[in-house]
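Note that our numbering has the sequence shown beginning at -5, numbered continuously upward. Ideal Cβ placement from N, Cα and C applies to all residues, glycine included. What follows is a single structure, written as C-alpha cells, with notes after it.
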Amino acid sequence: MLLTFLGHAGFMLEADGKTVLIDPWVTGNPVATMKADDLRADTILLSHAHNDHGIDDTQAIAKRTGATVISTFELGEWLGAQGVKAIAGNHGGTLAFDGGSVKLTPAWHTSSYQPGPDTFVAPGVPAGLIVRFGGMTIYHTGDTALFRDMELIGEEGIDLMCVCIGDHFTMGPQDAARAVRFVGPKSVIPMHYNTFPPITQDAEAFKRTVEAAMPGVTYYPLKPGEQQRFEG
Ligand code: NI
Ligand code: MN
C-alpha cells in the first residue's frame, strides 16, 4: 500500500488499483502540495465536518470522480442531499467499500461545517477511523482528545496509527504519546500540526517522546506530499 500525506489530517491510500482519500483538505490548506482537481478517488472517508478536513474538496472530488463518501450519519445524509454518493454509518459500525472497510470509532471532539463565519451546518458527531485496506489496518484518530478506550482500538491489531498532535483543538504531543501507548501500533504518523499557528509542534521532539513511551515503534514524520510504502 502506498500512502501519500496530503498535509494536516489528509491522506491518500493506494493499493490494487483503488484509491482511498481520508479528510482530503487541500483547497485553502497552507501546506498542501496537491490540488483537488488532480486527486482521484474511489472512496473518501471523512472523520467529521470541520472545514479543515475537506468537506468542500470532498464534495468536488466525489462529484467529479463518482467516489463514495463514508462518514457518521448526519454528515452522510447532508452530503447525500448535496448530490454526493454517501454512506451514512455511525460509531461501532463497519462499512465496506471497494477494496476494504472502515469501522467508525468514537472521537472526543465537535463537528460542524461553516460555509460562512457565523453559519454552522451539517451537524452530527465526529469519528475516528479503523481502515482495513491494502493488507493494512490503519487507525486515523480524527480530531480527538485522549480517551482510555483507545485500548479497545489497539485490540484490533493496528499496523499504522495516524495521530493528531497539534494541541489546542486536539491532543497535544504528551497526550498523543499516551494514545500511542494505549493503541500499540507498529508504525506512527503524526498529523494535525504545523498547518497554522495555534497547532505548531516539534515533530522530532514528539518522535523522542513516542520512542520513549513505546520502544520499537516506527515513526514517520512525513512532510506534505511525501509518500511512504507499507507492506501489510
Ligand atoms: Ni475538527
Ligand atoms: Mn481539525
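- Return the bridge partner residues of I81 from the DSSP annotation. Here residue 81 corresponds to residue number 87 of the sequence shown, with the count starting at 1. Paired residue(s): I64.
- Task: Out of P218, E220 and P184, state which residue places its alpha-carbon closest to the alpha-carbon of R212.
- Result: Counting from one through the sequence shown, the residue named residue 212 turns up at place 218. The sequence given here has Thr at residue 212, not Arg. Among P218, E220 and P184, the Cα nearest to that of T212 belongs to P184.
- Can you pull every residue whose C-beta falls closer than 5 Å to some heavy atom of the ligand NI, listed in chain order? H44 and D137
- Could you give the residue range of the beta strand (DSSP E) that holds I159? The count along the sequence shown starts at 1 and reaches residue 159 at position 165. In the DSSP assignment, I159 falls outside any beta strand (DSSP E), carrying neither H nor E.
- Query: Less than 8 Å separating the beta-carbons of G128 and M(-5)?
  - Reply: Numbered from 1 along the sequence shown, position 134 holds the residue referred to as residue 128. Numbered from 1 along the sequence shown, position 1 holds the residue referred to as residue -5. Against a cut-off of 8 Å, the Cβ pair of M(-5) and G128 comes out as a contact.
- Task: Compare the beta carbon distance of L154 and K180 with 8 Å and say whether it is the shorter of the two.
- Result: For the purposes of this step, residue 154 is identified with residue 160 of the sequence shown, where counting begins at 1. For the purposes of this step, residue 180 is identified with residue 186 of the sequence shown, where counting begins at 1. Cβ distance < 8 Å, so L154 and K180 count as in contact.
- Query: Tell me, which residues are paired with S181 by DSSP?
  - Reply: As a working note, residue 181 is residue 187 in the sequence shown. In the DSSP output, where bridge partners are listed per residue, S181 has L154 and T212.
- Can you find a heavy atom of the ligand MN that lies under 7 Å from the Cβ of H186? In the sequence shown, residue 186 corresponds to position 192, counting from 1. Flag set: Cβ of H186 near the ligand MN.
- Own chain, CB closer than 6 Å to M208, minus 5 neighbours either side, in chain order: Sequence index remark: in the sequence shown, residue 208 carries index 214 (1-based). Only V174 and R175 meet the Cβ criterion.
- Message: Considering only heavy atoms of the ligand MN, does any lie closer than 7 Å to the CB of F163?
- Response: Counting from one through the sequence shown, the residue named residue 163 turns up at place 169. Flag set: Cβ of F163 near the ligand MN.
- Query: Given A197, which residues of its chain have a CB within under 6 Å of its CB, disregarding the five upstream and five downstream residues?
  - Reply: Walking along the sequence shown from the start, residue 197 turns up at place 203. Closer than 6 Å at the Cβ level, and outside the excluded window around A197, lie P184 and P215.
- Task: Specify the secondary structure class of F127 as computed by DSSP and reduced to three states.
- Result: One-based indexing of the sequence shown puts residue 127 at position 133. Strand, per DSSP.
- Query: Based on the DSSP secondary-structure assignment, which residues constitute the bridge partners of Y133?
  - Reply: Here residue 133 refers to the residue found at position 139 when the sequence shown is read from its first residue. In DSSP, Y133 forms a bridge with I124 and M155.
- DSSP-derived helix/strand/coil call for P191: The count along the sequence shown starts at 1 and reaches residue 191 at position 197. The answer is helix: DSSP assigns P191 an H, G or I state.
- Message: I'd like to know whether the C-beta atoms of Y133 and A43 end up nearer to each other than 8 Å.
- Response: Your numbering for residue 133 matches position 139 in the sequence shown. Your numbering for residue 43 matches position 49 in the sequence shown. Cβ atoms of Y133 and A43: not closer than 8 Å.
- Query: So who's on the other strand from A(-5), going by DSSP bridges?
  - Reply: Locating residue -5 in the sequence shown gives position 1, where the first residue counts as 1. Position check: residue -5 holds Met in this sequence, whereas Ala was assumed. None; M(-5) has no bridge partner.
- When the Cα of V14 is compared with those of M6, P192 and T203, which residue comes out closest? Taking the sequence shown and counting its residues from 1, the one referred to as residue 14 is at position 20. Of M6, P192 and T203, the residue nearest in Cα terms is M6.
- Check: D46 C-beta below 7 Å from any heavy atom of the ligand MN: By 1-based counting over the sequence shown, the position of residue 46 is 52. Within the cutoff, so yes.
- Query: Name the DSSP beta bridge partners of G4, please?
  - Reply: Here residue 4 refers to the residue found at position 10 when the sequence shown is read from its first residue. G4 is bridged to G1.
- Nonlocal neighbours in the same chain, by C-beta distance under 6 Å from L89, ignoring five residues either side: Within the sequence shown, numbered from 1, the residue matching residue 89 stands at position 95. Excluding positions up to five away in sequence, the list reads I64, I81, G83 and V96.
- Message: What does the alpha-carbon distance come out to for the pair I55 and A35?
- Response: By one-based count along the sequence shown, residue 55 stands at place 61. By one-based count along the sequence shown, residue 35 stands at place 41. For I55 and A35, the distance between alpha carbons rounds to 7 Å.
- Message: Here's a check: name, in chain order, each residue in its chain whose Cβ is nearer than 8 Å to the Cβ of A3, leaving out the five neighbours to either side.
- Response: Translated into the one-based positions of the sequence shown, residue 3 becomes position 9. Closer than 8 Å at Cβ, skipping near neighbours: I16, D17, W19, S41, D46, H47, H134, G136, D137, C156, C158, M185 and H186.
- Query: At a cut-off of 7 Å, is A199 close to the ligand MN when judged by its beta-carbon and the heavy atoms of the ligand?
  - Reply: Here residue 199 corresponds to residue number 205 of the sequence shown, with the count starting at 1. Outside the cutoff, so no.
- Using beta-carbon positions only, say whether T66 and A121 come within less than 8 Å of one another. Stepping through the sequence shown from its first residue, residue 66 is reached at position 72. Stepping through the sequence shown from its first residue, residue 121 is reached at position 127. Result yes, Cβ atoms of T66 and A121 sit closer than 8 Å.
- Task: Can you grab the Cα-Cα spacing for the pair A101 / D32, in whole Å?
- Result: For this step, residue 101 is matched to residue 107 along the sequence shown. For this step, residue 32 is matched to residue 38 along the sequence shown. D32 has its alpha-carbon roughly 30 Å from the corresponding atom of A101.
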